[in-house]
Amino acid sequence: MADEGEEFEHETPIIAARAAFRRFWPLTKGLRKWLLVVWLCTVLAALAETEAILLFGDLTDHALQQGSLAAFWSPAVKWLAIAVAGALVAYAGNSLAAWATERFVMRLREHVFDHVQQLPPHFFQRHRQGDLLSRLTSDVEAIETMVVSGLVGAASAAFSALFYAVAAFWLRWDLAAATFVLAPLFWLAARRFSGSIKDVSREGRVADGAITSVVEESLGNIVLTQAYDRRDAERRRLREEANAWFRASVRSTRLNEAYEQLVQVIETVCVLAVIGIGAWEISTGRMTLGRLLAFAAFLGYLYPPVRGLAQLGLTVTAATAGAERLIEILDVRPSVTDPRHRAQAGRPDGSVEVRDVSFRYPGAETTALEDLSFCVGPGELVIVTGPSGAGKSTVSKLLLRFYDPDRGEVLLDGVPLRDFPLARLREYVTLLPQETLVLHDTVRANIACGRPGASDQAIEEAAKAADAHDFILRLPDGYDTRVDPHSARLSGGQLQRLAIARAILRDAPVLVLDEPTTGLDALAARRVVKPLRRLMAGRTTIMITHDLNLAPDADRILVVDRGRIVETGRHDELLARGGAYARLHRSQNNAVLDTGELRMPLWEEQRTPAPVYPYEYGQGQGYGNGYAYGHEAYAQTPSAAYAPAAHAPPALPDGRPQFRDEEAWPGG
């Protein structure tokens, strides 16, 4: 059941860092043992650095102050050995950490991407693609910083600080106590800046997504941009979003720089306090220079992890803004899900029934379909037609189960579609959409995506059935020629024949065609008619279309208007009835005003006889009264033909009947 109250345009939720961490922590399953190894490597590296500093103090007191070369070698060799061991451990830990973090990023991207692919079509109509791309890239990396790098960094910094603090207290507890009295200043500084940094980080991420959207939209419509000379307009759009990003970036830099400088001042105060106390201790003989230098070295190693812990808080706070944007997407529920109790049925015969279906798009005010009912028998062709906005394409979305109806059922071989697993349902029902799907891959791969793993022979047979084989062989590399969505290598008709080949290869019992000839010129449309007929042969076919060239082939035609079926029957029956279908069919042979109103000749508006003998331009004789158009040019059935008019209706110099918005020809 579609959620009528579902909305996609809402404010990004405000989420605490702890809640965001808990939300994404389960994705570290399988990586946690490696994160533990990374943590152990960090601890061992910190212990090695601690021992190296103690050896430095011993070397200073016994070798440097006493000037004894003999006292130099033993601590020097130990120091070198510890340095090498520490370097190896640090290398192993950092390499493993990089593997774990990138693995998490890949897993999170797949998780979000898989979720997004389950969302209904109108979700993507309400979200800019560039913004979604930004969330799948930079926002995912921000979450990795919070969940994996942040956790490892926090553990490493905490244990490093602990070891250095213990060593400092072991050297001189009074100096260490004086140092740690000032340590809370680091956390106070971080707390002061965290809120502002999170706000500006959120603004920057939104602006970054907007920039990506503008670039994606502009490049995706580059022909329109150039044809309408919209370069300046597009530049202004980009500059507007870039200015927002610029302001957020500058503000973020200022805040981070202010925090860094404040921390530097705090560190300087701590170091001066230690040097002052240490100088007094040395002057009284209570402390050696080596110990003071070792203590100062410990401070040099201690402050980075302490500062890192405080900085990590700011980093996690900023990353929470990215987590909020991803959670906003992940909290959108798919409109359809797999059933708990799946239908145990084999390949269906293809009988389709739409039973009392009503449907309204989430968030929409009007109903798209209202009490719609029809049946399609196995192997039948049913055409669904009607004016734009009548609800025709909504039928195709329900047949593919992109949505569930609010009321009523759609059944396949008597089984509700909601009882089929989605993967199996879409194996049984093939969609040939209005826009041809083109992958950035070879022609062979584009056809094979209809049935992954298909043999080359099967692919070529499908291409032959779609009348695509010959033009494919004329391509530079034949079936191995690479194409892409914006390639000029293939025409619209050729791309449509590739799509038909893909559908033939899929070999589903039910076929849904959504405007299969829209966007094709008359010649290209005629060229796809035969492949379409081969595709439809033996398959249950529901064709949603404005183009009625295939209407005589249909077993039944449904005329939909305002979400309801207003007429049903065969082509000849509906024409003879002279109702909505007859008007639609006639409109294909007449011009249409800009308002969308059907533009009729004056003879039809005035209900005068059809012009069998209108004026004609006689070759070499000027205008005369020769035969130009027969009644069949305008009348839809023989019963609608009129007798020749006594006086021909207003006509134009080329013999065409005059339309209301054209000037009449005065005659000769």
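Letter by letter, the sequence shown follows residues 1 to 668 in the UniProt record's numbering. For each residue, glycine too, the CB sits at the ideal point set by N, CA and C. As the structure is a prediction and not an experimental result, all values here were calculated from the model.
Integer Cβ distance of L439 from A445, believed to fall under 8 Å: 6 Å
Beta-carbon proximity list for V214, same chain, < 8 Å, skipping 5 on both sides: G130, E234, R237, L238 and E241
Could you tell me if R340 is buried or exposed, where buried requires 16 or more neighbouring beta carbons within 10 angstroms of its beta carbon? Under this definition R340 is an exposed residue.
Can you tell me the Cβ-Cβ gap for A92 and C41, rounded? I've got them flagged as a contact below 8 Å. Confirmed, about 6 Å.
According to the neighbour-count rule (16 or more other Cβ atoms, all chains shown, within 10 Å of its Cβ), is A16 buried or exposed? exposed
For T442: DSSP bridge partner residues: R482
Tell me which residue opens and which closes the beta strand (DSSP E) that L412 is part of. R407 to L412
Label T517 either buried or exposed according to how many other C-beta atoms from any shown protein chain fall within 10 Å of its C-beta, with 16 as the threshold for buried. buried
Can you tell which of V274, A454 and L80 has its C-alpha closest to the C-alpha of F180? It is V274 whose Cα lies nearest to the Cα of F180.
Going by DSSP, what residue range makes up the alpha helix (DSSP H) through D131? Q129 to S134
Host beta strand (DSSP E) of R556 (start-end): R556 to D561
Could you give the DSSP three-state label for T253: helix, strand or coil? DSSP places T253 in helix when its eight states are reduced to three.
Starting from the C-beta of A167, find all residues in its chain whose C-beta is less than 6 Å away, skip the five residues before and the five after it, and write them out in chain order. T50 and F298
So is M106 buried or exposed if we call it buried at 16+ other beta carbons inside 10 Å? exposed
Looking at the secondary structure, which residues open and close the alpha helix (DSSP H) in which V140 lies? It spans V140 to E144 - the alpha helix (DSSP H) in which V140 sits, taken as one unbroken run.
In DSSP terms, what R355 is bridged to: E409
In angstroms, rounded to a whole number, what distance separates the CA positions of P552 and G204? 58 Å
Beta carbon of F104 nearer than 8 Å to that of L31: The Cβ atoms of F104 and L31 lie closer than 8 Å to each other.
Given P120 as reference, the closest of L498, P433, P378 and Y361 once Cα atoms are compared: Y361
According to DSSP, simplified to helix, strand and coil, what is residue 670? Nothing about residue 670 can be read from this structure; the chain reaches only from 1 to 668.
Whole angstroms are fine: how far does the CA of A155 sit from the CA of V306? Rounded to whole angstroms, V306 to A155 spans 12 Å at the Cα level.
Quick one: grab the DSSP three-state call for P75. helix
Which of helix, strand or coil does DSSP assign to E365? coil
Given this structure, state the Cα-to-Cα distance separating Q494 from P485, to the nearest angstrom. 13 Å
Assign P638 to one of three DSSP states: helix, strand, or coil. Since pLDDT at P638 reaches only 37, below the 50 mark, its modelled position is unreliable, and the value read off the structure follows with that caveat. The DSSP-derived three-state label of P638 is helix.
Given A258, which residues of its chain have a CB within under 8 Å of its CB, disregarding the five upstream and five downstream residues? Excluding positions up to five away in sequence, the list reads F193.
Local conformation of L431 per DSSP, three classes: strand
Is the distance from the Cβ of Q394 to the Cβ of F359 below 8 Å? First, the residue type needs correcting, since residue 394 is Thr and not Gln in the sequence shown. Yes.
Alpha-carbon spacing of A458 relative to L505, whole angstroms: Straight-line Cα distance between these residues: approximately 7 Å.
Keeping to the same chain, check which residues put their C-beta closer than 8 Å to that of D507; ignore five residues upstream and five downstream. R451
If you draw a straight line from the C-alpha of H585 to the C-alpha of E409, how long is it? 31 Å
Close beta carbons around G563, own chain, < 6 Å, minus the five adjacent residues each side: T367, A368, L369, E370 and G391
Check whether the Cβ of L490 lies closer than 8 Å to any Cβ atom in chain C. Although the question refers to chain C, the structure presented lacks it and comprises just one protein chain.
So what's P26 in DSSP terms, helix, strand or just coil? Three-state DSSP puts P26 in a helix.
In this structure, does DSSP put V116 in helix, strand or coil? Correct three-state label for V116: helix.
Using the C-alpha atoms, what's the distance from V77 back to L293? 20 Å
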